[in-house]
Amino acid sequence: MNSKNLLKIACFATAIVAVIVSFLVFPMLPDAVPVHWNASGSIDAYGPAWMGAFLFPAIIAFVLLLFAVTPKIAIFKENLKSFEKQYWALALVLQVFFLVFYGVTLMPNFGIEFSYNLLFITPLSFLFVAIGLLMPSFKRNFFVGIRTPWTLASDRVWAKTHRFGGRLFIVFGIATLFSVALPEWAFAVVIGLALLMVAATFVYSYLVYKKIGRRQL
Numbered sequence: 001m002n003s004k005n006l007l008k009i010a011c012f013a014t015a016i017v018a019v020i021v022s023f024l025v026f027p028m029l030p031d032a033v034p035v036h037w038n039a040s041g042s043i044d045a046y047g048p049a050w051m052g053a054f055l056f057p058a059i060i061a062f063v064l065l066l067f068a069v070t071p072k073i074a075i076f077k078e079n080l081k082s083f084e085k086q087y088w089a090l091a092l093v094l095q096v097f098f099l100v101f102y103g104v105t106l107m108p109n110f111g112i113e114f115s116y117n118l119l120f121i122t123p124l125s126f127l128f129v130a131i132g133l134l135m136p137s138f139k140r141n142f143f144v145g146i147r148t149p150w151t152l153a154s155d156r157v158w159a160k161t162h163r164f165g166g167r168l169f170i171v172f173g174i175a176t177l178f179s180v181a182l183p184e185w186a187f188a189v190v191i192g193l194a195l196l197m198v199a200a201t202f203v204y205s206y207l208v209y210k211k212i213g214r215r216q217l
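Using our numbering, count along the sequence shown one by one with no gaps and you end on 217.
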């Protein structure tokens with residue numbers, strides 16, 4: 001069995017595990033469960049038990065469905081097929097990320113205290129590093145990757161931007177991890193770095209497009 005099929009199986013297994021856990025924990029949850037934390041890490045919103053039990057499993061299942069259906073209806077079908085292994089690796093990374101978040105959100109309901117910065121921001125940093133490692137393999141498409149008017153117009157601009165973006169995502173992920181040491185500033189650091197990263201990749205793709213020139217696209 002090749003790695004692509006193993007990744008698909010892992011994605012299905014992750015969704016199944018999340019659904020099973022949701023039905024196991026639902027009877028044990030209180031009527032009101034934490035559903036939102038503010039920038040300082042304090043719970044500031046509660047919701048019904050069904051939301052705490054089933055929201056993240058539903059998201060995980062939706063990720064699986066979205067990644068399974070998109071290649072069948074995508075405009076750049078052949079491009080998606082050319083990096084199918086990394087495509088499903090991305091799906092698994094996202095599912096595991098949401099599964100970890102799911103576990104973190106359930107903890108307060110069982111009297112488990114935790115550091116907001118450690119258990120929310122750490123998975124986020126690893127998510128960005130993982131995406132950064134996968135990103136250079138992405139081919140031009142409308143579903144995953146850095147989709148600007150200039151990357152979508154040219155395979156060369158797409159490739160250069162995703163090599164640059166991949167490195168940027170890794171740096172962002174590492175910087176985000178270090179922000180755990182600054183609990184009062186962690187949220188601001190993450191948001192600031194995210195905005196900077198979006199702006200940098202957007203501008204970079206435009207500059208590459210202009211440098212290559214329309215005639216060479």
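Glycine included, each C-beta is placed from N, C-alpha and C at the ideal position.
Taking the Cα positions, G192 is about 21 Å away from Y206. Under a 10 Å Cβ-count criterion, P30 is classified as exposed, with fewer than 16 other Cβ atoms of the shown protein chains found around its own Cβ. Per DSSP, the unbroken alpha helix (DSSP H) holding D155 starts and ends at D155 to F178. Two segments are said to touch when three or more pairs of C-beta atoms, one from each, lie closer than 8 Å; by this definition the segment 3 to 19 touches the segment 56 to 68. With respect to the C-alpha of G213, the residue from F142, S154 and L65 having the closest C-alpha is S154. When L124, F143 and M28 are compared, the shortest CA-CA separation from A68 is found for F143. Put simply, the backbone Cα of F164 is about 20 Å away from that of S82. Following the DSSP letters along the chain, one finds P48 in no alpha helix (DSSP H) but inside the beta strand (DSSP E) bounded by residues I43 to P48. DSSP, read as helix, strand or coil, puts A32 in strand.
When the alpha-carbon of I146 is set against those of A199, V35, K8 and G47, the nearest one is in A199.
Short of 6 Å from the beta carbon of I131, and not among the five residues preceding or following it, lie these beta carbons of its own chain, in chain order: F169.
For a cut-off of 8 Å, the C-beta gap from N117 to A186 is around 5 Å, short enough to register as a contact.
With a cut-off of 8 Å on Cβ pairs, the segment 98 to 106 is not in contact with the segment 70 to 85, counting fewer than three such pairs. Relative to C11, the option among R156, L99 and I174 whose CA is nearest is L99.
I75 sits exposed, since fewer than 16 C-beta atoms from the chains shown fall within 10 Å of its C-beta. For the options V19, P136, V63 and T70, the alpha carbon positioned closest to that of L94 is the one of V63. If you draw a straight line from the Cα of W88 to the Cα of S22, it is about 24 Å long. In this structure, the alpha-carbon of T148 lies about 7 Å from that of F202.
In the DSSP assignment, T151 falls outside any alpha helix (DSSP H), carrying neither H nor E. Counting only residues of its own chain and dropping the five nearest sequence neighbours on each side, F26 has a CB closer than 6 Å to the CB of A53. Around G173, the same chain offers S125, F128 and V129 as residues with beta carbons nearer than 6 Å, after the five sequence neighbours per side are excluded.
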